Every structure is written in C-alpha cells, then in structure tokens.
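Novice:
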Amino acid sequence: MTAPRLRGIPLHMLIYKILRQDEWDALQAHGETRGAPIDEADGFIHFSTAEQVRETVTKHFAGVEGLLIAALDTDALGDDLKWEPSRGGALFPHLYGPLRLEDILWVQPLPLTSAGHVFPTDIGA
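Residue numbering for the sequence shown follows my numbering, starting at 1 and increasing by one per position.
1. List, from N- to C-terminal side, the alpha helix (DSSP H) runs of 4 residues or more that fit wholly inside the stretch 30-110.
2. Under 7 Å between the Cβ atoms of F47 and I15?
3. Bridge partners of T113, per DSSP?
4. Go to I18, then tell me how far its beta strand (DSSP E) extends in each direction, as first and last residue.
5. Classify R7: buried if its beta carbon has 16 or more other beta carbons within 10 angstroms, exposed otherwise.
6. Nearest CA to the CA of L81: which residue from T49, W106 and R54?
7. Would you mind sorting E23 into buried or exposed? The rule is 16 or more other CB atoms within 10 Å of its CB.
8. Have a look at M13, L99 and P109 and flag the residue whose alpha-carbon is nearest the alpha-carbon of G31.
9. Identify, in the order they occur along the chain, each residue of the same chain with its Cβ nearer than 6 Å to the Cβ of V118, setting aside the five sequence neighbours on each side.
So, in structure tokens, the structure goes:
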C-alpha cells in the first residue's frame, strides 16, 4: 500500500537531515536549531527524502567524517514544511521554522569508509 498523496507528495513519510556532530550537540543542548550555516543563509532547513539523501551526502558532504543522519516524520513538522523544487526540479522538503529535538524519531551515525558513507540499510538505495 502506498502513502496517500497531495499533488504528488506523500502525506505521511520519513524525511532525513544530515548533521555534523557539533550541530547535533547544539541541537541536544538547546532543544531546537535553525540548522547549519547553509540553512540559515537560505532561510529554511534542508531535508531529503530516502530517494534523495544519498545524492545529498555525495554532493554536499563528500569526505566529511562524523556525520549523523536524523529521521523525521513529515506529519510532525506541520505547515512549516514546504515541498519546493531544487536539484533538477525535484521537490525537496524544506522546513520554515526551527528543527526541534522532539521531532526527531532517530539519529544514527553515517560512518565514512573508503567507498563513501555507509547508510542504515532501511534507507533507499
């Protein structure tokens, strides 16, 4: 069974945020964040779907050690979550508000090996 959709966007799904260790530490300390410097500069927090997150890491975090991947449910983010075109016109989830620690379902490390970052097995290939 597939998720219900609105204008081609699943109404309920997991999305992912890539965090550096210091960003995760700050989020834990303060309970919320406006994101990484790129998020603050753009005015929203960048997320990726399961189908997009590997390319996001390859494009923006290649060779970076100490990364973490956080999973969030789109329902928890409410109306502050917008789907907007980005790479190649694909719709990406953007949060126009703070990312709250309480909205994160889980966080896992993204170990860096000679072959690249190793993702949890349940995230899209």
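We treat Cβ as the ideally placed atom computed from N, Cα and C, and that holds for glycine. Being a predicted model, the structure only gives us computed values, none of them experimental.
Specialist: Well, looking at it:
1. 37-42, 53-60 and 74-77
2. yes
3. G116
4. L14 to R20
5. Bear in mind that a pLDDT of 49 at R7, under 50, signals an unreliable position, so the number given afterwards is only what the model happens to contain. R7 comes out exposed.
6. T49
7. buried
8. L99
9. P111
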